[in-house]
Amino acid sequence: MRRRRGKREKVSDSANGYACSFVVACPESIQLPIQEKSVAAAAEREMEEQLIQRDEPSRRRWCCGEATEEARRIAYVAVPMVGVMMSEFLVQVFSTMVVGHLGELDLTAAAIAFSLANVSGFSVLVSPLPSGSGCAGLLWLLLLLQCFNFSIDQQVGMASGLETLCGQAYGAKQYHSLGVYTYRAIFSLLMVCLPISLVWASMGKLLQLVGQDPAISQEAERYAIWMIPGLFAYTITQPLMKFLQSQSLIFPMLLSSVSTLCLHVLFCWLLVYKSSLHNVGAAVSLSISYWLNVLILILYIRYSDSCRLTRSPITKEAFKGISKFLRVAVPSALMICLEWWSYELLILLSGLLPYPKLETSVLSICLNSVVLLYSLPYGLGCAASTRVSNELGASNPKGAKLAVLVSMLLAVLEAALVVATLLALRSVLGYAYSNEKEVVNYVYEMVPMVCLTVVTDNIQEILSGVARGSGWQHLGAYVNLGAFYLVGIPVAILLGFALHLRGKGLWVGIVCGSTTQSILLAVITSFTNWGHQAKLARERVLHEKLPLHNELK
């Protein structure tokens, strides 16, 4: 260590002739090449010295005060993020509720349009299929559903690449980079939206090809067309939220989301019941609400002192590194898509079981419950990602490791509380969805397995957040592929069909997949060299070397 530092000091002495001319340049200014190299070298030496100094005491135990302070920081991000996710979820739920009072055709068309355009997509599976469509029609409808789900999943997933880039840049105090990364993400996602919008505009024809009723297909197409403006707004919203999340500015996001929800309730009621738009009014209201959310976030970023250092004008820098952004964004999207598709495949398999109506209804109830509860670990996962990326960017591997441990502890406590609540409400949970005694009893039997899913969701969401914050999303994608498609789905098919456990067997298979996912991510995290990760973060921030393979040696 001393020899290595001695060599660095000799090299730095030779650069002293240039060091006297160091000037911290604004992004628009132009420096001589030798000055740029000197500035970069000086910044790299400074960050490496900080890394060496901070890595030495990382072996000592953390005191209770440090853990408490870290828990406070995590809660400061996690709690508002739960509110943000719930507000976004309720915007869509309220739209469906309002349309549902217009009639069966309007509700079915809106449900199909929502299902083919959103992440959850479970309502289409329990909506009535036309007679004669058969299993083949259901299969093709669900394959089409996967294509549409990918459109939204990838928006969220690709935007999650900013959790690595913006989070580490903020920790390294490279504030100008946050704006550049955010512009790159927006431009990249807008390009992806163009072909998606064309597919949405042809939804009616696609639905008729898979055997859906023409009247329902036409109404679903009208609904989807009016949702296209909302798609572009949603595309802009996600990078803006990641921009703020990386700086732990969560309360502005919460206020914006809650305000949007409140105004959406008013807009939706007026456009559906007080205008001639009827069910399409809900789609128009949704698009207006999404654009309103974009406007509020942009105004906050533009005029708030909290973003004074990180906001920046659009420059040609934002267009140069789109391919580098995609190297992080695409694996992030795959992490999310591979996991959610496995749950949708679970519903597809339930339709092939004996008594498919009962099996699909019960599994949909369980999945809806899991989706509602998912907002809690989602908030903790976002907090873990933010804290880990900030600490790695700041060349503080000790702080990153502490953030992981505290996040895991909070996740375990939260999971225990939720599981206890579910078990206490086990006998009445089914009545929240159905009055059928057979359904209620089946839900009662499924609650323990739902509790297992809650536990694994909490663990894997924290570890997935660590992966996003560290920059090894490609490993997370491999883990999800193996856990769900080499373990989870095969076990589900074996138990559900070969051993005749039906819906319980399918759910146990998914639990096996999520358990495998959690174990693999835990092993990767436990063997992570945080000092090496901090060096990679430094290189990524200073040189924008966004490697395709972030080794964990």
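Start counting the sequence shown at 77; every next residue gets the next number (this note's numbering). Each residue gets a CB set at the ideal place from its N, CA and C atoms; glycine is no exception.
Identity of the residue in the options nearest residue i by Cα
| i | options | result |
| --- | --- | --- |
| Q411 | A574, W548, E142, Y310 | The question names Gln, but residue 411 in the sequence shown is Met. Among A574, W548, E142, Y310, the Cα nearest to that of M411 belongs to W548. |
| W417 | E435, G159, A543, N556 | N556 |
| G558 | F319, S236, T592 | T592 |
| W345 | A359, L425, V334 | A359 |
| N466 | T240, T311, G579, A487 | T240 |
| E606 | V155, M234, L478 | For the record, residue 606 in the displayed sequence is Trp; it is not Glu. Comparing Cα-Cα distances from W606 to each of V155, M234, L478, the minimum goes to L478. |
| T660 | I538, S380, I262 | Not covered by the structure: residue 660. The range shown for the chain is 77 to 629. |
| S602 | V480, A309, S333 | V480 |
| A415 | I569, V530, F560 | Reading off the sequence shown, one finds Glu at residue 415, where the question assumed Ala. Cα-wise, what sits closest to E415 is F560. |
| L665 | H550, E297, P566 | Residue numbering for the chain in the displayed model covers 77 to 629; residue 665 lies beyond these limits and cannot be assessed. |
| R403 | V169, T386, S264, L493 | S264 |
| A553 | Q321, A500, A568, L596 | L596 |
| A610 | R148, G589, G243 | G243 |
| K400 | A154, H619, D289, G141 | H619 |
| Y299 | K474, V356, N534, V515 | V356 |
| L330 | A613, L428, G455 | G455 |
| S388 | G579, L539, Q250, T604 | Q250 |
| V531 | H550, L425, S540, V488 | V488 |
| V542 | K392, T604, E490 | T604 |
| A568 | V447, H550, S590 | S590 |
| I390 | H252, E297, V155, C269 | H252 |
Alpha-carbon spacing of residue i relative to residue j, whole angstroms
| i | j | result |
| --- | --- | --- |
| C223 | E145 | Bear in mind that the predicted position of C223 carries a pLDDT of just 47, short of 50, making it too unreliable to give a figure here. |
| I272 | G247 | 35 angstroms |
| S324 | H354 | 40 angstroms |
| S163 | C458 | 16 angstroms |
| S461 | E420 | 26 angstroms |
| H608 | N472 | 11 angstroms |
| C527 | S333 | 29 angstroms |
| L219 | T436 | The predicted position of L219 is uncertain, since its pLDDT is 42 and thus under 50; a value taken from the coordinates is nonetheless stated next. When rounded, the distance between both Cα atoms is 17 angstroms. |
| L274 | A496 | 47 angstroms |
| V587 | L562 | 13 angstroms |
| A394 | A405 | 15 angstroms |
| A245 | G581 | 45 angstroms |
| V160 | I535 | 21 angstroms |
| A500 | V348 | 39 angstroms |
| S293 | K513 | 34 angstroms |
| A277 | E142 | 54 angstroms |
| A235 | I600 | 23 angstroms |
| V370 | V167 | 15 angstroms |
| L375 | N511 | 47 angstroms |
| P328 | V153 | 11 angstroms |
| M267 | L373 | 21 angstroms |
| V115 | E615 | Unreliable positioning characterises V115 in this predicted model, as indicated by a pLDDT of 47, which lies under 50. A coordinate reading is not provided. |
| V617 | L368 | 33 angstroms |
| L254 | F170 | 34 angstroms |
| L571 | W583 | 9 angstroms |
| S408 | E537 | 13 angstroms |
Collapsed DSSP secondary structure at residue i in the structure displayed
| i | result |
| --- | --- |
| S97 | In this prediction, S97 has a pLDDT of 37, which is less than 50 and means its spatial position is unreliable; nothing more can be read from the coordinates. |
| V504 | coil |
| Y152 | helix |
| E512 | coil |
| F603 | coil |
| D289 | coil |
| N517 | helix |
| K249 | coil |
| Y417 | According to the sequence provided, residue 417 is Trp. The question's Tyr does not apply to it. In this structure, W417 counts as helix in the three-state DSSP scheme. |
| H340 | helix |
| K392 | coil |
| W548 | coil |
| H354 | coil |
| G427 | coil |
| G564 | helix |
| S380 | coil |
| S365 | helix |
| H619 | helix |
| H608 | helix |
| L575 | coil |
| L325 | coil |
| A470 | coil |
| S278 | coil |
| A613 | helix |
Any non-hydrogen atom of the ligand HEM closer than 8 angstroms to residue i Cβ
| i | result |
| --- | --- |
| C458 | By its list of ligands, the structure shown contains no ligand whatsoever, and the ligand HEM lies outside what it can speak to. |
At least 3 beta-carbon pairs within less than 8 angstroms: the segment 437 to 450 vs the segment 300 to 307: no
Check whether the segment 334 to 343 and the segment 257 to 271 touch, using three or more Cβ-Cβ pairs below 8 angstroms as the test. no
Any 3 or more C-beta pairs closer than 8 angstroms across the segment 368 to 381 and the segment 520 to 537: no
Contact between the segment 316 to 331 and the segment 277 to 292 (3+ Cβ pairs under 8 angstroms): no
Any contact of the segment 483 to 496 with the segment 569 to 582, i.e. 3+ C-beta pairs under 8 angstroms? no
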